[in-house]
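Trainee: I have a structure I would like to understand better, so I am pasting it below and will then ask my questions one at a time.
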Amino acid sequence: MINVNITSVCQMTRLVLPRMAERSKGVILNISSASGMYPVPLLTVYSASKAFVDFFSRGLQEEYRRQGIIIQSVLPFFVATKMTRIRKPTLDKPTPERYVASELSTVGLQSQTNGYFPHAVMGWVTTKVVPISIVIFLGARMNRLQRTGYLNRRRLRELRNGTSKKND
Ligand SMILES: NC(=O)c1ccc[n+]([C@@H]2O[C@H](COP(=O)([O-])OP(=O)(O)OC[C@H]3O[C@@H](n4cnc5c(N)ncnc54)[C@H](OP(=O)(O)O)[C@@H]3O)[C@@H](O)[C@H]2O)c1
51 MINVNITSVC QMTRLVLPRM AERSKGVILN ISSASGMYPV PLLTVYSASK
101 AFVDFFSRGL QEEYRRQGII IQSVLPFFVA TKMTRIRKPT LDKPTPERYV
151 ASELSTVGLQ SQTNGYFPHA VMGWVTTKVV PISIVIFLGA RMNRLQRTGY
201 LNRRRLRELR NGTSKKND
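Going by my numbering, the first residue of the sequence shown is number 51, and it counts up by one from there.
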């Protein structure tokens with residue numbers, strides 16, 4: 051998680067940013083996550099690594115703003131991709147195509163963005179309206195429920211496999 055979400059971001063930046071600085075031109079979109087906006091229990095390393103991406107991008111944006119380089123921190127909520135295994139896109143869990151089309155329209159306008167209007171509303175509610183302690187508590191509860199569901203399904207699968215092996 052640290053290699054994929056943190057080390058790779060630093061190394062890619064090191065590869066591309068010096069050339070951009072020479073030409074005073076360039077755009078870097080770093081994909082953080084809404085999980086990086088506050089701690090998410092049971093996704094702790096993911097959440098912390100995404101907070102790194104957000105801080106890193108916003109700090110660098112300030113360093114390179116005067117040279118005309120855009121560095122944007124993108125913090126999506128759920129998008130229906132391979133990673134989330136969401137099969138049915140909805141308004142708040144859009145297809146990648148819909149999300150990206152919306153996100154790209156914010157480049158140059160926002161240095162930190164949820165990238166998609168329904169996600170921006172969710173971001174506003176979870177950072178400005180609901181107290182952080184409640185957001186963390188609800189995140190923990192949601193993830194505990196999800197984990198319990200997963201472990202129960204796995205136990206059932208193992209039991210079923212054990213029974214069918216005995217019958218064989
Ligand atoms: N989808 C969401 O709801 C959501 C929300 C917030 C943030 N994000 C962020 O958006 C980014 C893209 O994710 P996605 O949702 O588009 O998921 P995705 O469709 O599954 O894409 C993830 C990509 O990362 C690659 N990858 C995974 N593990 C890797 C590893 N160990 N080494 C090298 N490459 C690896 C995958 O390669 P393969 O194709 O070869 O598997 C795939 O190309 C991620 O940084 C994720 O944290 C996603």
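All C-beta atoms in this analysis are idealised placements derived from N, C-alpha and C, irrespective of residue type, glycine included.
Remember, predicted model here, so these are calculated numbers, not experimental data.
Check for me: the beta strand (DSSP E) holding Val-54 runs from which residue to which?
Mentor: Here the question's residue 54 lines up with position 4 in the sequence shown. Premise fails: Val-54 is in no beta strand (DSSP E) and is neither H nor E.
Trainee: Let me check understanding here. Comparing Cα to Cα, which of Asn-211, Ser-123 and Ala-71 lies closest to Arg-116?
Mentor: The residue labelled residue 116 in the question sits at position 66 within the sequence shown. Of the listed residues, the one whose Cα sits closest to Arg-116 is Ala-71.
Trainee: Which first and last residues belong to the alpha helix (DSSP H) in which Leu-110 is found?
Mentor: Mapped onto the sequence shown, residue 110 falls at position 60. From DSSP, the alpha helix (DSSP H) with Leu-110 extends over 94–114.
Trainee: Give every residue of the same chain whose Cβ lies closer than 6 Å to the Cβ of Phe-127, excluding the five residues on either side of it in the sequence, and list them in chain order.
Mentor: Counting from one through the sequence shown, the residue named residue 127 turns up at place 77. Here the set comprises Ala-84, His-169 and Met-172.
Trainee: Straight-line CA distance for Ser-7 to Arg-108?
Mentor: In this structure the chain extends from 51 to 218, so residue 7 is not present and cannot be described.
Trainee: Taking Ser-155 as the reference, give the member of Leu-79, Val-103 and Thr-131 with the closest Cα.
Mentor: Here residue 155 refers to the residue found at position 105 of the sequence shown. Among Leu-79, Val-103 and Thr-131, the Cα nearest to that of Ser-155 belongs to Leu-79.
Trainee: For Val-171, report the span of its alpha helix (DSSP H) as first-last.
Mentor: As a first step, residue 171 must be located in the sequence shown, where it is residue number 121. Run containing Val-171: 167–174, per the alpha helix (DSSP H) assignment.
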